[in-house]
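**Student:**
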Amino acid sequence: MSPTKPGSAAAGATRDTLTIVDNRTGRQYEIPVKNDTIRALDLRQIKVNEADFGMMSYDPAFTNTASCMSKVGFIDGDKGILRYRGYPIEELAEKSSYLETAYLILYGELPTKSQLADWSSNITHHTFIHESIKKFLDGFHYDAHPMGMLISTVAALSTFYPDAKDIFNPDSRRKQTYRLIGKMPTLAAFAYRHSLGMPYVYPDNDLSYSGNFLNMLFRTTELQYRPNPTLERALDILFILHADHEQNCSSTAMRGVGSSQVDPYSATAAATAALYGPLHGGANEQVLRMLLEIGSVNEVPAYVKKVKAGEKLLMGFGHRVYKNYDPRARIVKRIAYEVFDVMGRNPLIDIALECERIALEDDYFVTRRLYPNVDFYTGLIYQAMGFPVTMFPVLFAIPRTSGWIAQWEEMLLDSEQKIARPRQVYIGYDQRSYIPLEHRS
Ligand code: SDX
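If you read the sequence shown in my numbering, its first letter stands for residue 1102, the second for the next number, and so on.
1) Apart from the five residues on each side of it in sequence, which residues of its chain come closer than 6 Å, Cβ to Cβ, to Asn1306?
2) If we ignore side chains and look at the alpha-carbon of each, how far apart do Gly1283 and Thr1468 end up?
3) Roughly how many angstroms lie between the CA atoms of Phe1418 and Asp1442, to the nearest whole one?
4) Measuring only from the beta carbon, is Gly1383 closer than 6 Å to any heavy atom that is part of the ligand SDX?
5) Tell me whether the region 1332 to 1341 and the region 1197 to 1215 touch, counting them as touching only if at least three CB pairs, one residue from each stretch, are closer than 8 Å.
6) Under 8 Å, with one C-beta from each stretch per pair, do the region 1366 to 1381 and the region 1235 to 1255 reach the 3-pair mark?
7) Measuring straight from C-alpha to C-alpha, what distance separates Met1355 and Trp1509?
8) Just to confirm, is the Cβ distance from Tyr1159 to Val1526 under 7 Å?
9) Where does Leu1336 sit, in a helix, a strand or coil, going by DSSP?
10) Would you check if the distance between the CB atom of Glu1455 and the CB atom of Val1398 is smaller than 7 Å?
11) What is the C-beta distance between Met1317 and Pro1286, in whole angstroms, given that I count them as a contact (C-beta under 8 Å)?
12) Just grab the DSSP bridge partners of Tyr1185 for me.
13) Have a look at Leu1238 and Leu1211 and give me their C-alpha separation to the nearest angstrom.
14) Name the residue from Gly1155, Gly1181, Ala1152 whose alpha carbon lies nearest to the alpha carbon of Val1422.
15) Are the CB atoms of Gly1504 and Asp1345 nearer to each other than 7 Å?
16) The ligand SDX heavy atoms versus the CB of Asp1476: any closer than 6 Å?
17) Buried or exposed for Pro1537, please, with buried defined as at least 16 other CB atoms from any protein chain shown within 10 angstroms of its CB.
18) Would Asn1425 and Asp1179 be called neighbours here (beta carbons separated by less than 7 Å)?
19) What do you reckon, are the CB atoms on Gly1174 and Glu1439 nearer than 7 Å?
20) Cutting at 6 Å between CB atoms, please list the residues of its own chain near Leu1315, excluding the five before and the five after it.
21) Between Arg1140, Leu1380, Arg1524, which lies nearest to Leu1119 when the distance is taken from Cα to Cα?
22) Who are Arg1128's beta bridge partners in DSSP?
23) Is it true that the CB of Tyr1478 sits closer than 7 Å to the CB of Ala1437?
24) Expressed to the nearest angstrom, what Euclidean distance is found between the alpha-carbon atoms of Leu1392 and Pro1494?
25) If you count every other CB in all the chains shown that lies within 10 Å of the CB of Gln1484, and 16 or more means buried, which is it?
26) Is the beta carbon of Gly1378 within less than 6 Å of some heavy atom of the ligand SDX?
27) Taking only the alpha-carbon atoms, compute the straight-line gap between Ile1395 and His1381 and give it to the nearest angstrom.
28) Return yes when at least one heavy atom of the ligand SDX lies under 6 Å from the C-beta of Arg1469, else no.
29) On the DSSP bridge list, what partners appear for Asn1118?
30) Whose C-beta lies closer than 7 Å to the C-beta of Gly1312 among residues of the same chain, with five residues either side of it excluded?
31) Closer than 6 Å to a non-hydrogen atom of the ligand SDX - does that hold for the CB of Val1490?
32) Report the CB separation of Ile1268 from Gln1146 in whole angstroms; it is logged as a contact under 8 Å.
33) Rounded to the nearest angstrom, what separates Asp1543 and Glu1511 at their Cα positions?
34) In this structure, what does DSSP give as the bridge partners for Phe1418?
35) Are the beta-carbon atoms of Thr1502 and Leu1281 separated by less than 7 Å?
36) Can you give me the C-alpha to C-alpha distance between Arg1470 and Val1433, rounded to a whole angstrom?
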């Protein structure tokens, strides 16, 4: 085959393969291409001599590596598209509810009326937590970060439900799914009430999923909490927007930890811990802290200068996949004004808008394709609704639980998947002998 210019079509190219020439040996290899990918294992045949282990791919942080086949979420980062099981996020945010969307994400189809009623009833009747869990919560400092409390209590659920280890039993998986989706808001609300030194508020089964969450957070002396419908709907839409996002850091943690066949509570605790990080679910908390640090619209240029000097990140901007406006951020921005109409305008919005205005025209951000992501505006809404910044990542973890479980179950049922155990490129010392203590300098 005559050498062709990189990227140009060779004469008669018709096969779904890559032809690789190893210039170290002159050998040629035909590697199958499927779904526009090659199997990394097909590279192992490429060797300089028979004693070689064979070639691997090297991809720190998996920037160009597919870890699985999935039908759950789809993102087109260049076009700013996000779909759950094929349904555009914009339509679900406008027409669906969080519980309906969670059902779709988990079971692949929008539920029928009776399926939705059964699903909602089961979730509602699994919102209570074992009374003993209150003892751990009471053991935390008053100023313990609620994400630390959530990670701990989700993991603790595995000790209350040993039947969850029966992970290949679909009935058991479904029951743990009810429990996890039902109890995450309760654990989160109890953590919040603990931080205030206020009594825990038990679930109210007469309220919606989001309405009950607001009840457990904010009810004081009233006999029955009545959520503000605008806030209840805004929170439900925010839950829809945060329900899944294909193979993000926390979903990868869920799959990776789950691949050891641990119970789903322990895997969910690992995913929650991944989400806690400031580069992932913790970003919305950091956005608020950044806006408070900037302090005024006039100070935005000075902050942007620090960002461009590499001293700071513009939190809430950028994304590994979206190289366009995050479609969720657009919806969140609209919801913000609806919440401000009820709760009063958050003055930080002006600083946020100025950051966005500058970033969308400044070459540093434009060339790096840094746009607002889902976290940029959510913090402004949560703050306007009365949440402390420490609760922001918790408000991300609650809805993402349905996405994590869907990814976990898909991994478990995928015959190609096994325990996650990547390779490495060893660049350390070759063999060397032990040095007695007295001879070490
Ligand atoms: C979420 O994966 C998901 O789907 C996550 C999520 C989900 O729903 O699960 O969408 C939720 O986590 C959204 C992202 C929230 N995080 C933040 O807002 C934190 C700030 N953003 C950055 O940390 C960053 O953009 C990441 C982590 C989100 C993405 O980083 P990448 O893809 O690894 O990109 P990179 O770090 O290689 O950056 C490329 C360049 C670098 O500059 P150069 O070295 O080329 O000069 O862009 C720069 C970075 O320094 N850059 C930023 C920046 N983000 C990237 N510079 C300033 N501010 C930023 N926010």
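A virtual CB, placed ideally from N, CA and C, is assigned to each residue, including glycine. Bear in mind the structure is a predicted one, so any value in this text is a computation, not a measurement.
**Tutor:** To lay it out plainly:
1) Around Asn1306, the same chain offers Thr1225 as residues with beta carbons nearer than 6 Å, after the five sequence neighbours per side are excluded.
2) C-alpha of Gly1283 to C-alpha of Thr1468: approximately 43 Å in a straight line.
3) Rounded to whole angstroms, the gap between the alpha carbons of Phe1418 and Asp1442 is 26 Å.
4) It does not: the Cβ of Gly1383 is nowhere closer than 6 Å to a heavy atom of the ligand SDX.
5) Verdict: yes, contact present.
6) Contact check between the region 1366 to 1381 and the region 1235 to 1255: three or more CB pairs, one atom from each, fall below 8 Å, which counts as touching.
7) Going from the Cα of Met1355 to the Cα of Trp1509 covers about 6 Å.
8) Between Tyr1159 and Val1526, the gap from beta carbon to beta carbon is short of 7 Å.
9) In this structure, Leu1336 counts as helix in the three-state DSSP scheme.
10) Note that the C-beta distance between Glu1455 and Val1398 is below 7 Å.
11) That belief holds up - the Cβ atoms of Met1317 and Pro1286 are roughly 7 Å apart, short of 8 Å.
12) As a beta-bridge residue in DSSP terms, Tyr1185 pairs with Gly1174, Tyr1188.
13) Roughly 36 Å separates the two Cα atoms.
14) Among Gly1155, Gly1181, Ala1152, the Cα nearest to that of Val1422 belongs to Gly1181.
15) A contact, by the Cβ cut-off of 7 Å.
16) Within the cutoff, so yes.
17) By the beta-carbon neighbour count (other beta carbons within 10 angstroms, threshold 16), Pro1537 is exposed.
18) Going by C-beta atoms, Asn1425 is nearer than 7 Å to Asp1179.
19) Their beta carbons are not under 7 Å apart, which means Gly1174 does not touch Glu1439 by this criterion.
20) Within the same chain, Cβ atoms closer than 6 Å to the Cβ of Leu1315 are found at Pro1328, the five residues on either side in sequence being excluded.
21) For Leu1119, the nearest C-alpha among the options comes from Arg1140.
22) The beta-bridge partner set that DSSP reports for Arg1128 consists of Asp1123.
23) Going by C-beta atoms, Ala1437 is nearer than 7 Å to Tyr1478.
24) Going by the C-alpha atoms only, they are around 17 Å apart.
25) The residue in question, Gln1484, is buried, as its Cβ has 16 or more Cβ neighbours within 10 Å.
26) Result no, Cβ not under 6 Å from the ligand SDX.
27) When rounded, the distance between both Cα atoms is 21 Å.
28) For the ligand SDX, at least one heavy atom lies less than 6 Å from the Cβ of Arg1469.
29) Reading the sequence as shown, one finds Thr at residue 1118 and not Asn. Pro1133.
30) Around Gly1312: Pro1328, Glu1333.
31) The answer is no for Val1490.
32) Separation of the CB atoms of Ile1268 and Gln1146 is rounded to 35 Å, and the pair is thereby denied contact status at 8 Å.
33) Because the chain in this structure spans residues 1102 to 1542, residue 1543 falls outside the shown range and cannot be described.
34) DSSP output for Phe1418 lists Pro1473 as bridge partner(s).
35) Their beta carbons are under 7 Å apart, which means Thr1502 touches Leu1281 by this criterion.
36) Those two C-alpha atoms are separated by around 20 Å.
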